[in-house]
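Q: Have a look at the structure that comes next, please.
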Amino acid sequence: MTAHMPHPAFMVAAVPLVAAFGLFFVGSYRMAAGINILSCLLTFICSILLVLEPGPSSTFFILDSLNTPFVVLTAFVAFTTSLFSYAYMKHEIESGLLTEHRLRRYHVFYQMFLASMLLALQANNIGLIWAALEVATLSTVLVLTISRTPAAIEAGWKYFILCGVGIVLALFGTALVLLGTQSVGGEGLAAMSWDQIQPLAARINPRLLDIAYVFLLIGYGTKAGLAPLHAWLPDAHSEGPSPLSAMLSGLLLNVALYVLLRFKMVFAANPDTLAPGPLLIIMGLASVFLAALALYRRRDAKRMLAYSSIEHMGIAAFAFGIGGAAANFAGMLHMLGHSLIKSALFCIAGLARIARGSNQVDAMNGLVRTNPVIGWTFLAGIIAIAGLPPFLLFNTEFLIIKATVAASPALAVVFLLGLLLAVSALIGFAQVVAFGEPPAPDHHAHKHAHVPGWAIWPAVLHLLLAVALAVAMPGFLNTWLSAIAPRLG
Amino acid sequence: MIPLADSVNIANLFGALALLMSFAMLYQRRLGSMLALFSVQSMMVAALAFWMAALKNAPDLFITGAITMLLKGGLVPLLLMVYITKLDVRREVQPAYRMGWTIALALALVTLSILISGSAMAGSNVLERNMLALGLSLVLMGFLTMIVRHNAVCQVIGFISIENGMLLAVIGAGGMPMIIELSIALAVFFSFIIFGIFFFHIRERFDTLDIRYIDAYRRDRE
Numbered sequence: 008m009t010a011h012m013p014h015p016a017f018m019v020a021a022v023p024l025v026a027a028f029g030l031f032f033v034g035s036y037r038m039a040a041g042i043n044i045l046s047c048l049l050t051f052i053c054s055i056l057l058v059l060e061p062g063p064s065s066t067f068f069i070l071d072s073l074n075t076p077f078v079v080l081t082a083f084v085a086f087t088t089s090l091f092s093y094a095y096m097k098h099e100i101e102s103g104l105l106t107e108h109r110l111r112r113y114h115v116f117y118q119m120f121l122a123s124m125l126l127a128l129q130a131n132n133i134g135l136i137w138a139a140l141e142v143a144t145l146s147t148v149l150v151l152t153i154s155r156t157p158a159a160i161e162a163g164w165k166y167f168i169l170c171g172v173g174i175v176l177a178l179f180g181t182a183l184v185l186l187g188t189q190s191v192g193g194e195g196l197a198a199m200s201w202d203q204i205q206p207l208a209a210r211i212n213p214r215l216l217d218i219a220y221v222f223l224l225i226g227y228g229t230k231a232g233l234a235p236l237h238a239w240l241p242d243a244h245s246e247g248p249s250p251l252s253a254m255l256s257g258l259l260l261n262v263a264l265y266v267l268l269r270f271k272m273v274f275a276a277n278p279d280t281l282a283p284g285p286l287l288i289i290m291g292l293a294s295v296f297l298a299a300l301a302l303y304r305r306r307d308a309k310r311m312l313a314y315s316s317i318e319h320m321g322i323a324a325f326a327f328g329i330g331g332a333a334a335n336f337a338g339m340l341h342m343l344g345h346s347l348i349k350s351a352l353f354c355i356a357g358l359a360r361i362a363r364g365s366n367q368v369d370a371m372n373g374l375v376r377t378n379p380v381i382g383w384t385f386l387a388g389i390i391a392i393a394g395l396p397p398f399l400l401f402n403t404e405f406l407i408i409k410a411t412v413a414a415s416p417a418l419a420v421v422f423l424l425g426l427l428l429a430v431s432a433l434i435g436f437a438q439v440v441a442f443g444e445p446p447a448p449d450h451h452a453h454k455h456a457h458v459p460g461w462a463i464w465p466a467v468l469h470l471l472l473a474v475a476l477a478v479a480m481p482g483f484l485n486t487w488l489s490a491i492a493p494r495l496g
Numbered sequence: 004m005i006p007l008a009d010s011v012n013i014a015n016l017f018g019a020l021a022l023l024m025s026f027a028m029l030y031q032r033r034l035g036s037m038l039a040l041f042s043v044q045s046m047m048v049a050a051l052a053f054w055m056a057a058l059k060n061a062p063d064l065f066i067t068g069a070i071t072m073l074l075k076g077g078l079v080p081l082l083l084m085v086y087i088t089k090l091d092v093r094r095e096v097q098p099a100y101r102m103g104w105t106i107a108l109a110l111a112l113v114t115l116s117i118l119i120s121g122s123a124m125a126g127s128n129v130l131e132r133n134m135l136a137l138g139l140s141l142v143l144m145g146f147l148t149m150i151v152r153h154n155a156v157c158q159v160i161g162f163i164s165i166e167n168g169m170l171l172a173v174i175g176a177g178g179m180p181m182i183i184e185l186s187i188a189l190a191v192f193f194s195f196i197i198f199g200i201f202f203f204h205i206r207e208r209f210d211t212l213d214i215r216y217i218d219a220y221r222r223d224r225e
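So the protein sequences, as listed, match chains A and B. Quick note on our numbering: the first sequence kicks off at 8 and runs consecutively. Quick note on our numbering: the second sequence kicks off at 4 and runs consecutively.
Dropping the structure here:
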């Protein structure tokens, strides 16, 4: 690579950003959706180039085995979701639920959201990460309320206020880390970069780091949807358009948790701070149990999926709280697997809604019989998200339990109980989809709506990948994760 | 050359006035006055930035002060006032809880902040310690303001005064790198545009800016 080429990380974030500005001027829906897909494809290709030829970390960018897998995954899911989004939004326009005029901002913010997530993942500066996540929040708020129904506006306001406050608290935590780094000799921009903070961490006043950790945990924990800070999540993820839910649940939660992980590495480097583990374990377990119980309410399919996201973020947080190479490895793999499966599920739920005209669980009865392709894929997705074999989440949950048993058998029992609670709720849901009595034919409100058959393929691809990763994980992924896992503390 | 003790006192004065505004906002019942108080608070934070810029010979902090003064001291309160006028919302809002308890809680939060920053900044100079204590107080009181008010506009004011607290703590320690500061300012500005859009949406759908009605809506549906 020549010296004049921009840093590959820069390209990954710049492509969607440029596309976002370009999309401002595109009125036609078809053209905008086309540009959306193209830009996502280009970003995905750039992210692969990034892996093949990683640049050195610079003032603004850092790329190591912790964030590279997430960058590639984010670009990939954004690409497949943009394909699905084309078909889904086409239906929304044809059935009169949305106007082309309103959709204009949807594509702009889709790209803006993608750009900010990729920037947050790659940024080598804790202030820039903060700003990127704030932009991610802002760009999703307006897409969330695109339908303008009272429920969507209520969800949007709650999301905006809770995540807004959360992110301001995260900013305060960030500022405290900056104060700490400056006090032991860091200056200017470098004082905010991961490669500077990390070695200095051991010399920072541990009490200052403790306070910073609490603020960061509350701040980024809100964004990651960890209990008890999850209140905004079920509403936001269930009210938005399906492609957005797929991106929110599959990707944004990961980015927030990733930032927490980076900070945890810093705090772990200072032996006198509060141990970051126990707090993560408590929040993780709380998330798992709370979500598992909520799953039994089973009214709205998208709400169920949103609660399941809380559960899985809780599982990952729990794994990182246990710590050690094995649990960290499993936790990161769990985040990757959850992204693949959950984004697929939100897409399938969107198609099921089109088929049945409602998000309600009751409306999903017997989907397998009336709409076999959607029904079977849905069923496979639910089995996958429940953590049953042959999907990846089975392997990761097994690894997490194994690591927990080694650390503390009692905790493993509690954790396992939470998992079982969630699994049985999800199996109940799977039964509705598989064996339920299909509603009477007059229930088909959107019978004539045409959705191309290929709209299901992105979701199928995700599920196949989740199986492939479970059966035979590629060597490079193993190398990446094994390299970083012991360093996470 | 100003003696060090005096220069610290002046910085403390600006910080303390900002905190005083937080208290005043907590018991103020009129939206317009709340906005004015917020504007004064932002001006105090800006004044502190200017003072520290001169003291530490750090030109970056002049820019920080200028951004704060223009954006939070002027533009944001003005925008909110325009929203309030256009939406014709009721100007008087009742606090949700008894005032005596709220103020007592606020005092407790300030005490907590002083205790925390004392231990967190052990070893650093008195100015940085004070600024962290004041900044943390502002953050927690902004939180309190959001909790004890049910009005969307009041919540927004509480929200941005949290940001003032963060700024206070950072200025005390010499500021942030400029590029970060600018991106934060930009993010704040865009949030305001979105806040405005939301006010109109909420008003249109729910015919009030009282958050309780919006919450109640969700509870009915569940």
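We treat Cβ as the ideally placed atom computed from N, Cα and C, and that holds for glycine.
Taking B:I205 as the reference, which of A:A243, A:L216, A:A158, A:S102 has the closest Cα?
A: Of the listed residues, the one whose Cα sits closest to B:I205 is A:A158.
Q: In angstroms, rounded to a whole number, what distance separates the CA positions of B:M149 and A:L45?
A: Rounded to the nearest angstrom, the two C-alpha atoms are 43 Å apart.
Q: At the level of alpha carbons, what is the spacing between A:L400 and A:D307?
A: Answer to the nearest angstrom: the Cα atoms are 23 Å apart.
Q: At a Cβ threshold of 9 Å, is A:R214 touching chain E?
A: Absent here is chain E; the protein component of the structure consists of chains A and B.
Q: Alpha carbons only, please: which of B:G161, B:T67, B:A125 is nearest the one belonging to B:Q31?
A: Nearest option by C-alpha distance: B:G161.
Q: What does B:V173 reach in chain A if we use C-beta pairs closer than 8 Å?
A: Going along chain A in sequence order, the residues near B:V173 (Cβ under 8 Å) are A182, L185, L186.
Q: If we define contact as Cβ-Cβ less than 9 Å, is B:F146 a contact residue for chain A?
A: B:F146 counts as touching chain A.
Q: Is B:R132 helix, strand or coil by DSSP?
A: Helix, per DSSP.
Q: What residues from chain A crowd round B:G142, counting only those whose CB sits closer than 7 Å?
A: Strictly speaking, residue 142 of chain B in this sequence is Val, with Gly absent from that position. Result: F179.
Q: Suppose contacts are defined by Cβ-Cβ distances below 9 Å. Is A:E318 in contact with A:S350 by that definition?
A: Their beta carbons are not under 9 Å apart, which means A:E318 does not touch A:S350 by this criterion.
Q: Tell me the DSSP secondary structure of B:R208 in three-state form.
A: Here B:R208 sits in helix by DSSP.
Q: Which bits of chain B does A:I218 rub up against, with CB to CB less than 7 Å?
A: Near A:I218 (Cβ distances below 7 Å), the residues of chain B are I119, A123.
Q: Against B:G126, what residues of chain A qualify as contacts under a CB-to-CB distance less than 9 Å, listed in chain order?
A: Per Cβ cutoff of 9 Å: S190, N212.
Q: Can you name the residues of chain B whose CB is closer than 9 Å to the CB of A:M199?
A: Simply M179, P180, I183.
Q: Taking the continuous alpha helix (DSSP H) assigned at B:K75, which residues delimit it?
A: Careful: B:K75 lies outside any alpha helix (DSSP H) and carries neither H nor E.
Q: Which residue comes first and which comes last in the alpha helix (DSSP H) that contains A:H469?
A: Per DSSP, A:H469 belongs to the alpha helix (DSSP H) from 464 to 478.
Q: Rounded to the nearest angstrom, what separates A:F436 and A:D369 at their Cα positions?
A: Rounded to the nearest angstrom, the two C-alpha atoms are 10 Å apart.
Q: What residues of chain A sit near B:M169, judged by a beta carbon separation below 8 Å?
A: By Cβ distance, chain A contributes V175, L178, F179, A182.
Q: Quick check: is the beta carbon of A:R155 nearer than 9 Å to any beta carbon in chain B?
A: Answer yes: the Cβ-Cβ gap between A:R155 and chain B drops below 9 Å somewhere.
Q: Tell me the rounded alpha-carbon separation between A:L25 and A:S123.
A: Reading off the sequence, residue 25 of chain A comes out as Val, not Leu. Those two C-alpha atoms are separated by around 12 Å.
Q: Would B:H204 pass as an interface residue toward chain A - the criterion being a Cβ-Cβ separation below 9 Å?
A: Chain A contact via Cβ: present.
Q: Measuring CA to CA, which of A:A441, A:L424, A:L428, A:L251 is closest to A:F385?
A: Among A:A441, A:L424, A:L428, A:L251, the Cα nearest to that of A:F385 is on A:A441.
Q: State yes or no: is the C-beta of A:L140 within less than 9 Å of the C-beta of A:K230?
A: Yes, these two residues count as a Cβ contact at 9 Å.
Q: Using a Cβ cut-off of 9 Å (strictly closer), state whether B:L135 contacts chain A.
A: So yes, B:L135 belongs to the interface.
Q: What's the C-alpha gap between A:A492 and A:R360?
A: Going by the C-alpha atoms only, they are around 40 Å apart.
Q: When you compare the CB of B:G76 with every CB in chain A, is at least one pair closer than 9 Å?
A: No, B:G76 lies away from the interface with chain A (no Cβ there is under 9 Å from its Cβ).
Q: Please name the residue, chosen from A:L236, A:Y265, A:A21, A:G247, that lies closest to A:I136 on a Cα-to-Cα basis.
A: Minimum Cα distance to A:I136 is reached at A:Y265.
Q: Hey, is A:A138's beta-carbon within less than 9 Å of any beta-carbon in chain B?
A: Closer than 9 Å to some Cβ of chain B, the Cβ of A:A138 qualifies, so yes.
Q: Against chain B, with Cβ distances strictly below 9 Å, would A:E444 count as a contact?
A: No, its Cβ sits nowhere closer than 9 Å to a Cβ of chain B.
Q: Check whether the Cβ atoms of A:A462 and A:L90 lie closer than 9 Å to each other.
A: For A:A462 and A:L90, yes; Cβs fall inside 9 Å.
Q: Just how far apart, CA to CA, sit B:I117 and B:N133?
A: Answer to the nearest angstrom: the Cα atoms are 8 Å apart.
Q: Going along chain A, which residues have a C-beta under 9 Å from B:S186?
A: What B:S186 touches in chain A: G134, L135, W137, A138, A139, E141, V142.
Q: So that I know if they touch, is there some Cβ in chain A lying closer than 9 Å to that of B:D213?
A: For B:D213, the answer is no, since every Cβ of chain A falls outside 9 Å of its Cβ.
Q: Using the beta-carbon of each residue, which ones in chain A are nearer than 8 Å to B:S10?
A: The contacting residues do not exist; B:S10 stays about 20 Å from chain A at best.
Q: Pick helix, strand or coil for A:R111, following the three-state DSSP scheme.
A: Note: A:R111 maps to helix in three-state DSSP.
Q: The alpha helix (DSSP H) with A:F51 in it runs from where to where?
A: Residues 36 to 59.
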